[in-house]
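Undergrad: Here it is, the structure in full.
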Amino acid sequence: MTPALRPLALALAVLAAPVPLMAGDLPPGLVAAELLPAAPSADGKVMTALRLELAPGWKTYWRSPGESGVAPQFDWSGAPGVAAAREIWPEPEVIDSDGTRTLGYHDALVLPIELTLATPGAPLSGQLAVDLGLCLNICVPAHLVLPAPAQAASADPRITAALATAPRAGTAPVTCTVGEIADGLRVTASVDETAPEAAAMELALPGMWSSEAEIAVEGARVTTTAEFVGPTGKPFALDPAALRLTLIGADGAVEYQGCTLS
C-alpha cells in the first residue's frame, strides 16, 4: 500500500469497526460486550480483549471459578482467520456469597486474548462464541456471539492495563503428592510463599472438575489440596507438568506451572 493510501485505509477500518453489543441485545446482567481492537503483539500474533460491562451487583467467573461456578468457554471456529487463541486472565477477585467462595469479577472485565493468525497480517473476520456464567442472587448461563475485532496499529490502553494485573510467574519449586479417590485424584501441592487469601489448583485437561482448594500455612510453607474428577469418573495418572497453582493474596496473585512428585 502506498503512503498516500494509508490514511484512507485507516479511516475505512475505523468506520467498519464492530459496534459493542448493548443491554437490549444481551442477556440479563450485561450492559455491554465487545472485542477490543486487535493490535500486533509478538511473533506475528495480535492481541485483542473481551470487554464486559456488568450491571450493578452482577458478577462473572474466572477461568477456574470454584466448585459452584461456571467456567467460561470460547469458540473461535466461526473466525476462520484465527488459528489459535490464548486468554491471559487478570487477577480474579475472591467473592464470598451464601457460604460459598468463587473467583471472578464484578462491574467489568477486560480479558486479553492473544490470537495466532492463520495468515499473519491478514484481516480478521467472522465471529467469536462465548459461553459464561452471570450471577446476581442466582447464576445463569449466558451465550454471546461477538463479531471479530477490528485491527489497530497500537494496543488499546485498556488491554495494556489488564495485562499488568495478570498473576506473576512463581519461581520457587513446587512439590506435590497424589492420592486416589473413588472418582479421581486428591492432589496436594506445597511451595514457599506468602500466606494467600485464596488458592486455585487446575489441571489443563478437557472436562476436568476441581474442588475448591484447601489452604494450610506452616511458617513460610503454603500447602494446598484439591480433588480432581475427570470425564471417566475414575482415578487417572497425573501429569505433574499439567498442574497449575494460583495463590491470591494482598500483594497480588502468583502462578506456578508444574510440580515435582514427592
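Per mature numbering (1 follows the signal peptide of the UniProt record, and there is no 0): the sequence shown = residues -23 to -1, 1 to 239.
From the three backbone atoms N, C-alpha and C, an ideal C-beta is built for every residue, glycine too.
(1) Please report the distance separating the alpha-carbon of D108 from that of P49.
(2) Is P134 helix, strand or coil when you go by DSSP?
(3) Please check if any C-beta of chain D sits within less than 9 angstroms of the C-beta of I90.
(4) May I have the straight-line CA-CA distance separating I225 from A175, to the nearest angstrom?
(5) Who are the Cβ neighbours of G156 in its own chain at under 6 angstroms, not counting the five residues just before and after it?
(6) Compare the Cα-Cα distances from E44 to each of A138, E179 and L238 and report the closest residue.
(7) What is the residue span of the beta strand (DSSP E) that G229 lies within?
(8) Out of L3, L101 and W39, point me to the one whose CA is closest to K22's CA.
(9) Given a threshold of 16 other Cβ atoms within 10 Å of its Cβ, counted over all protein chains shown, does A(-13) qualify as buried or as exposed?
(10) Taking the beta strand (DSSP E) that S18 belongs to, which residues open and close that run?
(11) Out of curiosity, what's the CA-to-CA distance linking M(-2) and V87?
(12) Compare the beta carbon distance of P5 and A26 with 9 angstroms and say whether it is the shorter of the two.
(13) Could you give the C-beta distance for P14 and D133, rounded to a whole number, given that I count them as a contact under 8 angstroms?
(14) Return the chain-ordered list of same chain residues with a C-beta closer than 6 angstroms to the C-beta of L113, the five sequence neighbours on each side being excluded.
(15) Give every residue of the same chain whose Cβ lies closer than 7 angstroms to the Cβ of T223, excluding the five residues on either side of it in the sequence, and list them in chain order.
(16) Report, in whole angstroms, the separation of the C-beta atoms of C153 and S41, which I expect to be a contact under 8 angstroms.
(17) If you follow the beta strand (DSSP E) that G156 is in, where does it begin and where does it stop?
(18) Please name the residue, chosen from T171, V117, S131 and H83, that lies closest to V47 on a Cα-to-Cα basis.
(19) Comparing alpha-carbon positions, which option in A181, A95, A159 and S188 lies nearest T165?
(20) Between which two residues does the beta strand (DSSP E) carrying E91 extend?
(21) Closer than 8 angstroms: is that where the CB of E195 sits relative to any heavy atom of the ligand HEM?
(22) Can you list the alpha helix (DSSP H) stretches of 4 or more residues lying completely in the stretch 159 to 238, in chain order?
(23) Quick one: complete beta strand (DSSP E) runs, 3+ long, within the stretch 24 to 64?
(24) Beta-carbon within less than 6 angstroms of Q234's beta-carbon, same chain only, minus the 5 sequence neighbours each way: which residues are those?
(25) Can you give me the Cβ contacts of V59 inside the same chain, cut-off strictly under 6 angstroms, excluding the 5 residues immediately before and after it?
TA: So, to answer that:
(1) 6 angstroms
(2) It is helical.
(3) Structure shown: chain D not included; a single protein chain is present.
(4) 5 angstroms
(5) R163
(6) Of the listed residues, the one whose Cα sits closest to E44 is E179.
(7) G229 to Q234
(8) L101
(9) With a pLDDT of only 41 at A(-13), under the threshold of 50, the placement of this residue in the model should not be trusted; the figure read from the coordinates follows. Classification for A(-13): exposed.
(10) Counting along the chain, S18 falls outside any beta strand (DSSP E), and DSSP gives it neither H nor E.
(11) Residue placement at M(-2) is flagged as unreliable, the pLDDT there being 49, under the threshold of 50; a coordinate-derived value is accordingly withheld.
(12) No; because the gap between Cβ atoms is not below 9 angstroms, this pair is not in contact.
(13) 6 angstroms
(14) G34 and W35
(15) P144, A176, A177, A230 and E232
(16) Actually they are not in contact, since the Cβ atoms of C153 and S41 sit about 17 angstroms apart, beyond 8 angstroms.
(17) T152 to I158
(18) V117
(19) S188
(20) First-last of the beta strand (DSSP E) with E91: A85 to L94.
(21) Looking at this structure, you won't find the ligand HEM or any other ligand, since it has none at all.
(22) none
(23) 36 to 38, 50 to 52 and 59 to 64
(24) For Q234, where only same-chain residues beyond five positions count, the Cβ hits under 6 angstroms are R221.
(25) W53 and L92
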